[in-house]
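S.K.: Residue numbers (full-length UniProt numbering): 1 to 163.
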Amino acid sequence: MSQSSDRDERLTGGRSLLVRLLHGYFAVSRGMTLGVRAACFNEEGKVFLVRHSYVPGWYMPGGGVERRETALQALEKELREEGNLMLTARPELFHVYFNSRISQRDHVLFYKAQVVQTAPRLADREIVECGFFDPADLPDEVTAATRRRLLELSGTVTPADIW
């Protein structure tokens with residue numbers, strides 16, 4: 001097992017508690033939790049993925065929609081924060097998913113987006129790695145949900161309603 005995998009496993013226990021606590025807070029502060037996530041493609045057709053410090057695996061960028069924020073504002077903010085990404089066209093809403101693994105009231109708006117990266121995204125306490133990848137040659141640690149969403153986007157499988 002690699003050092004990265006060992007570290008990811010050690011962080012998962014404590015970090016998953018943090019994620020549950022945050023979602024508990026969101027459940028109280030929000031009637032329903034709503035998130036945005038996007039498959040962000042550059043002009044070469046590569047998809048942008050991030051690896052967080054608090055959960056194992058590679059994910060598409062995204063996050064929660066805050067009060068007084070539209071879904072598109074939240075998406076633009078998350079893309080900027082997680083990857084220094086800027087939309088080059090209006091993103092397409094692909095599907096709405098129920099994310100029952102997080103809570104019984106969490107929904108995710110999933111977009112397909114064309115982007116450019118305005119500057120390299122340096123690692124910090126939240127994002128430890130990120131980059132563009134050929135959809136046919138993804139890192140081994142890509143999450144099952146991320147792989148599934150990319151297959152849905154390609155038309156290979158029918159979109160599920162559960163994240």
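Don't be surprised by glycine CBs; every beta carbon is placed ideally from N, CA and C.
Identify, in the order they occur along the chain, each residue of the same chain with its Cβ nearer than 6 Å to the Cβ of R37, setting aside the five sequence neighbours on each side.
M.R.: In the sequence shown, counting from the first residue as 1, residue 37 sits at position 37. So the qualifying residues of the chain are M60, G62, V108, F110.
S.K.: Skipping 5 residues on each side, what residues in its chain have a beta carbon closer than 6 Å to that of G64?
M.R.: Start at 1 with the first residue of the sequence shown, and residue 64 comes out as number 64. The residues are G35.
S.K.: Decide if the segment 118 to 129 is in contact with the segment 68 to 78; the criterion is three or more beta carbon pairs, one per stretch, under 8 Å apart.
M.R.: No, the segment 118 to 129 does not touch the segment 68 to 78.
S.K.: Only counting the same chain, and skipping five residues up and downstream in sequence, which positions put a Cβ closer than 8 Å to that of T156?
M.R.: The count along the sequence shown starts at 1 and reaches residue 156 at position 156. Excluding sequence neighbours, T156 sits near nothing in its chain.
S.K.: For the candidate residues M32, L17, A89, whose alpha-carbon lies nearest to that of Q104?
M.R.: As a first step, residue 104 is located in the sequence shown; it is residue number 104 there, counting from the start. Looking at the Cα atoms, M32 is the closest of the given residues.
S.K.: Would you say R68 touches the ligand SAH, meaning its beta carbon is less than 7 Å from a heavy atom?
M.R.: The ligand SAH is absent from the structure shown, which contains no ligands of any kind.
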